[in-house]
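Below is one structure, written out as structure tokens; comments come after it.
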Amino acid sequence: MDYLESDLFRDCTGGAPMLQKATYHWATITCEFLDAVQGLELGELLHDESFGLFEAMSAIEMMDPKMDAGMLCNRGNKKAKSFEQAVSDSTLKLNNFSNRELIDIIDTTLACIVSWLEGHSLAQTVFTNLYLHKPYSIEDRTLKVFSLAVYKVLEIIKEFIHKAIVYEEEDFQPMHYGYHLNPDLSEQRMIGMLREVEEELHKKSRSKFQNGQPLPNEMDETVALYARIKFVRVFYQALTLLLQRKEDPQPAITDCQRLFVTATDMLLIMQKTVQSDAQQSNILEHAQVLGFEPLINQRLLPPTFPRYTKIKPKEEALVYFEDIIERLKTVCKIHGISSFHQALDFFIEFSKSSPCLLSRSALQLLYLGSHSAVLASNPNILKELLKDAAKSFISPPALMAKAIVSNQQAKMYVDTFFSHCTRPFANLLQLCGHNRARQRDKLAHLLEEFTSLQDEAERVDAYLHNISISCTWSRPHLACFGTWILYHTLRIMIMYLLAGFELELYSVHEYYYIYWYLYEFLYGWLVSALTRADSFLVEQELIGELRKTKGNKKIKPKYKKKARPYNRDILFFQALQNMCGGYYKALIGFRIDEKLTMPHPQFDSEQVRYEHRFAPFQSLLTPPPVQYSEFRDMTSPARCSQQAIDSMYLYIAGCKHFHQARQLLETVTPLDPEVVELLKICKTNFVVLKLLAGGHKKESTTSPNFDFSKHRHFPIIKL
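Going by UniProt numbering, the sequence shown opens with residue 1, and the numbers climb by one from there.
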């Protein structure tokens, strides 16, 4: 702490005040400061009127390399040299590279590309490589071709990302700071140049002797260099095939799969021959590699505090490329999916793995191409897909019965309805391509669009129902489109709430009303919508059989038990509903036993928190939003039996829910990995709640631990 002693005094003539020289008294307060912070728990902050949250977020922690970029970027007196200066000083050679030097340059450049894909700028990552500034000036053919190939790879990756438009500022920096990413080389010429270098290196690797002496180390390095050039070539070639839009994409997808297998084989060789650089993890330490100058582009950066750039270690970068290739293999499977509902499920499941930006963008482009281009140029593509989706979901008579289809007025209403559906459903698909944190924000806005669709679906259903009554061989059109829209609305609502667990937005004391909402309403409504669609599909199949037998009286209709098309989904969602019920009742029991840490009443309002968590649901028509007053009435002990006040009764009820969920999950076939994990969670939580119901740790006030390591949304309860 320092304080300033300064006095203003007037001279004897009464003239202007004069400023006395300031005297500073410095005192060490380290001990006092450490004593003062002993009263703060981990994560707590001390708030002051003159230093609030805004000032804290805007502040720079001086002398911290993570916050004060000047500590890292301006260390030492070394002057950054440009390509021309380094060549003139003979510190940057253009020829006569050893194989190890070329391997290090290539591996470090690939690590910089990975760092760029993770959200850092090109200027601070890839273009710290001086050889990329003037690739045509390089005399070594291998390095020259590789440098040009890097430009082409950057160009095609950027094209994927710009066309898909599923990136945010934390995902990708689009600026290239004046670097021209499109060298005057065609795709065929670039691939041909890489092939020529491959063949040359392959011939060298086959030469086992030179002057009668074996050279095992040099031969191994030649093979390693060959693997890297071939990897760049097949990776670039595969991305090029994925980006091309053809009438029949299947041959291109087959070629891509073959190229990805080759790339994986090359990566195995690269991983075995990479030189470890575990110590070289930041932007300055990779300057030890020949040709890299981390500070060369510092003047190109905008006039803000530079972002701390951490270059991936080479080993991790190769693992990152391996993951990209595996994801792109998965992305290629979208071409085998024709149903919109299956495609949507594919998008949602793929997004759960938190894929990289490149693979997310590739999935968007492979299914429908550029989002804005599809809606602007040919929206009928998606409209027909949605018609088929609604037909397969619930078989609405408006899309099945000839009497209704031939009605021009009805046809116009149906076409208008599906035209209005294209943008919300396209936004839903595109939303799955964004990162997980941004998805939750976009889900809230998407619910507003589905609210208007619900209203339109109800009006169209009412009109079509009147027409369907006069149709002899058609069942009534009762809320078919409304049920279809409701199904997707409920899935969006569930995704929104569950995303809060994944992003760790909820405090433990908030869990009970999140699980309550899922248990009492959302999963129940979802099971009801699927059951309704299931019954409609079976009825439609029976009507079809009756039509076939009507013309031939000798053939008796077969009334055999029909398979329930949504039986697996209904069982699965019923199991999740029971799990949510188990968590809800267990949490209420913990609250009664005072085992949960609750916020101080002076700074807490449960109503405010409740309304904030469910604010996006307020505009929906169906299901109607549950207001806080209704929630309190429905969960108050007065509405339940007197036993509900006892925590032991609640633990027993929670046991029953987890047992019921386990029984339902055991009937779900096939048993995918998620179902297996949920079964383990149900068994564990059943045992824990059974112990609590028996009085285990009754007097303990230790808060239970909720372990989300097995599943992102349904934790294991640990005492």
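A virtual CB, placed ideally from N, CA and C, is assigned to each residue, including glycine.
Since the model is a prediction, treat every value here as computed from it, not as a measurement.
| field | Residues of its chain near R475, where Cβ-Cβ distance is below 8 angstroms and the 5 sequence neighbours each way are ignored | value | Indexing the sequence shown from 1 puts residue 475 at position 475. Cβ within range, chain order: P397, S468, F536, E539, Q540 and I543.
| said: Could you compute how far the alpha carbon of H120 sits from the alpha carbon of L490? | reply: Residue mapping note: residue 120 aligns to position 120 of the sequence shown, counting from 1. Residue mapping note: residue 490 aligns to position 490 of the sequence shown, counting from 1. Looking at the two C-alpha atoms, the distance is approximately 37 angstroms.
| query | Which two residues bound the contiguous alpha helix (DSSP H) that contains F573? | reply | For the purposes of this step, residue 573 is taken as the residue at position 573 of the sequence shown. Looking at the DSSP string, the run of the alpha helix (DSSP H) that includes F573 is N567 to I592.
| query | What is the DSSP secondary structure of T23, counted as helix, strand or coil? | reply | As a position in the sequence shown, residue 23 is number 23, starting the count at 1. Strand.
| query | Buried or exposed: K79, going by 16 or more other Cβ atoms within 10 Å of its Cβ? | reply | Translated into the one-based positions of the sequence shown, residue 79 becomes position 79. K79 should be labelled exposed.
| field | is_contact[E187, chain D] using C-beta, thresh 9 angstroms | value | The structure shown contains no chain D; it holds only a single protein chain.
| message | Helix, strand or coil, according to DSSP, for K310 in the structure here? | response | Locating residue 310 in the sequence shown gives position 310, where the first residue counts as 1. Coil at K310, not helix or strand.
| query | To the nearest whole angstrom, what separates the beta carbons of F292 and T128, a pair I think is in contact under 8 angstroms? | reply | Here the question's residue 292 lines up with position 292 in the sequence shown. Here the question's residue 128 lines up with position 128 in the sequence shown. At roughly 5 angstroms, the Cβ-Cβ gap stays under 8 angstroms, so F292 and T128 are in contact.
| Considering only residues of the same chain and omitting the five flanking positions on each side of L386, which have a CB-CB separation below 8 angstroms? | Locating residue 386 in the sequence shown gives position 386, counting from the first residue. Excluding positions up to five away in sequence, the list reads F340, F418, C421, T422 and F425.
| message | For I161, report the span of its alpha helix (DSSP H) as first-last. | response | Your numbering for residue 161 matches position 161 in the sequence shown. Counting along the chain, the alpha helix (DSSP H) containing I161 begins and ends at R141 to A164.
| field | Distance between V508 and D707 (C-alpha atoms, nearest Å) | value | Residue 707 sits at position 707 when you count from the first residue of the sequence shown. Residue 508 sits at position 508 when you count from the first residue of the sequence shown. Near 11 angstroms, if we compare the C-alpha coordinates of V508 and D707.
| request: State the DSSP-derived secondary structure class of I716, mapped to helix, strand or coil. | output: In the sequence shown, the residue the question calls residue 716 occupies position 716. Strand.
| Cα separation between Y566 and Y226? | Stepping through the sequence shown from its first residue, residue 566 is reached at position 566. Stepping through the sequence shown from its first residue, residue 226 is reached at position 226. Near 52 angstroms, if we compare the C-alpha coordinates of Y226 and Y566.
| task | Could you say which of D441, D345, E510 and E677 lies nearest to Q607 if we only look at CA atoms? | result | By 1-based counting over the sequence shown, the position of residue 607 is 607. Q607 has its Cα closest to that of E510, out of D441, D345, E510 and E677.
| task | Counting only the same chain and skipping the five closest in sequence on each side, list residues whose C-beta sits under 7 angstroms from that of A653. | result | Working through the sequence shown from its first residue, we reach residue 653 at position 653. If we look at A653 and ignore the five residues flanking it on each side, its Cβ neighbours are K585.
| query | beta strand (DSSP E) containing N705: first to last residue? | reply | Along the sequence shown, read from residue 1 onward, the residue named residue 705 stands at position 705. N705 to D707 is the span of the beta strand (DSSP E), which, as asked, contains N705.
| task | Return the residue from the list L664, Y523, E449 and Y513 that minimises the CA-CA distance to R613. | result | What you label residue 613 is simply residue 613 of the sequence shown in a count that begins at 1. The shortest C-alpha separation from R613 is found at Y513.
| task | List the residues that DSSP assigns as beta-bridge partners of F51. | result | Reading the sequence shown from its first residue, position 51 is the one you call residue 51. Answer is D48.
| Nearest to R712 by alpha carbon, out of E200, L358 and G500? | The residue you call residue 712 lines up with position 712 of the sequence shown. R712 has its Cα closest to that of G500, out of E200, L358 and G500.
| task | Measure the beta-carbon distance from Y610 to Y583 and round it to whole angstroms, keeping in mind my assumption that it falls under 8 angstroms. | result | Taking the sequence shown and counting its residues from 1, the one referred to as residue 610 is at position 610. Taking the sequence shown and counting its residues from 1, the one referred to as residue 583 is at position 583. Not quite, the Cβ-Cβ distance comes to about 17 angstroms (not below 8 angstroms), so this is no contact.
| message | Buried or exposed, going by whether 16 or more other CB atoms sit within 10 Å of the CB of C31? | response | As a first step, residue 31 must be located in the sequence shown, where it is residue number 31. Classification for C31: exposed.
| Continuous alpha helix (DSSP H) stretch holding L259: start and end | In the sequence shown, residue 259 corresponds to position 259, counting from 1. From DSSP, the alpha helix (DSSP H) with L259 extends over Q250 to T273.
| said: Taking DSSP's pairing of strands, which residues face N129 in a bridge? | reply: Counting from 1 along the sequence shown, the entry for residue 129 is found at position 129. For N129, which the question treats as bridged, DSSP gives the partners F292.
| query | In whole angstroms, what separates the C-alpha of Q257 from that of V460? | reply | For the purposes of this step, residue 257 is identified with residue 257 of the sequence shown, where counting begins at 1. For the purposes of this step, residue 460 is identified with residue 460 of the sequence shown, where counting begins at 1. So the two alpha carbons sit approximately 45 angstroms from each other.
| request: Take every Cβ of the stretch 148-162, pair it with every Cβ of the stretch 93-104, and state whether three or more of those distances are shorter than 8 angstroms. | output: no
| Below 8 angstroms, can you find three or more Cβ-Cβ pairs linking the stretch 697-707 to the stretch 661-669? | no
| said: Classify G482: buried if its beta carbon has 16 or more other beta carbons within 10 angstroms, exposed otherwise. | reply: The sequence position of residue 482 within the sequence shown is 482, counting from 1. G482 comes out buried.
| task | On a CA-only basis, which of K312, L692, D265 and Q409 is nearest F231? Give me that one, please. | result | Translated into positions along the sequence shown, residue 231 becomes position 231. The option with the nearest alpha carbon to F231 is D265.
| said: Using CA atoms only, rank isn't needed, just tell me which of I334, P355, L357 and L620 is closest to F346. | reply: The count along the sequence shown starts at 1 and reaches residue 346 at position 346. Looking at the Cα atoms, I334 is the closest of the given residues.
| Alpha carbon to alpha carbon, what distance is there between S359 and L620? | Position 620 of the sequence shown, counted from the first residue, corresponds to residue 620. Position 359 of the sequence shown, counted from the first residue, corresponds to residue 359. One C-alpha to the other measures close to 33 angstroms.
| task | Could you spell out where the alpha helix (DSSP H) holding A123 opens and where it closes? | result | Start at 1 with the first residue of the sequence shown, and residue 123 comes out as number 123. Neither: A123 is in no alpha helix (DSSP H) and is coded neither H nor E.
| Which listed residue (E315, L497, K272 and H696) has its alpha carbon closest to that of R436 | Here the question's residue 436 lines up with position 436 in the sequence shown. Nearest of E315, L497, K272 and H696 to R436, Cα basis: L497.
| field | Identity of the residue in K411, K144 and V331 nearest S351 by Cα | value | If you number the sequence shown from 1, residue 351 lands on position 351. It is V331 whose Cα lies nearest to the Cα of S351.
| Would the C-beta of L344 count as close to the ligand MN, meaning under 8 angstroms from any of its heavy atoms? | Looking for the ligand MN in the displayed structure turns up nothing, as the structure carries no ligands at all.
| Whole-angstrom Cβ separation of V223 and A263, contact assumed at under 8 angstroms? | For this step, residue 223 is matched to residue 223 along the sequence shown. For this step, residue 263 is matched to residue 263 along the sequence shown. The Cβ separation is near 16 angstroms, so there is no contact.
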